[in-house]
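What follows is a short report on a single structure.
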Amino acid sequence: MGDVMTLHRSITILLLATCLVARESYADDPTASAPPRTRAALVTEISGLENAFAGLPKEAPARSALARQLAEDYVSLERIATQEKTQAEVDRDSLKTTNPAAAEQKQAVANTANTILTRARTSAEKYYSLIKTDYPNQAAPRGTDGAWIALGAA
């Protein structure tokens, strides 16, 4: 059973490393744009990264890269949730007088998106803090995020 778990963990880390390299190629070319990601795809990716991160010892070489990827993915999730919240609020406002029931549904969507964006921001800050404390020699990410600046790491 131990060999199967080790193999599974190795495959997971290899897949995550491939994902990181692919994403870095977009970041290295300012003219390239990464394909848009849906909230569901991002949540699935975050779940896999969280599982891989939890299984790595603090000394593992890939741990700081996974922490950084998690922080950046949580920032992306916050951005998507903010867009969804804003759109739901605009839709709600336009439906208030014509269709109050639909307006209430849009408010529920906005509330859910607000919860997601708040939790995503907290998680991004958690991982940026972890990088700052556990890996103080890591460079600040490209296009340094506000959470990284707020933590005094940039």
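Positions 20 to 173 (my numbering) are the ones given, in order, by the sequence shown. Just so you know, even glycine gets a beta-carbon here, dropped at the ideal spot from N, CA and C.
| Check | Outcome |
| --- | --- |
| DSSP state of Glu108 mapped onto helix, strand, coil | helix |
| Rounded straight-line distance, which links the Cα of Asn156 to that of Ile150 | 9 Å |
| Where Gln88 falls, given that 16 or more other Cβ within 10 Å makes a residue buried | buried |
| Other residues of its chain near Tyr154: CB distance less than 7 Å, five sequence neighbours each side excluded | Ser83 |
| 8 Å contact criterion, which Ala86 and Tyr146 should meet: CB distance rounded | 5 Å |
| Proximity test, Ala60 beta-carbon vs the ligand NAP heavy atom, cut-off 8 Å | Annotation note on the ligand NAP: not contained in the displayed structure, which lists no ligands. |
| DSSP three-state assignment for Leu75, whether helix, strand or coil | coil |
| Under 9 Å between C-beta atoms of Ile135 and Glu97 | yes |
| Cut-off 6 Å between Cβ atoms - residues of its own chain near Val23, not counting five sequence neighbours on either side | Below a pLDDT of 50, predicted positions are generally treated as unreliable, and Val23, at 45, falls in that range; no measurement from the model is reported. |
| Three-state class that DSSP yields for Ala41 in the structure shown | A caution first: Ala41 carries a pLDDT of 47, below 50, which makes its placement in the model unreliable, though a value can still be read off. The answer is helix: DSSP assigns Ala41 an H, G or I state. |
| Straight-line Cα distance separating Ser148 from Gln102 | 25 Å |
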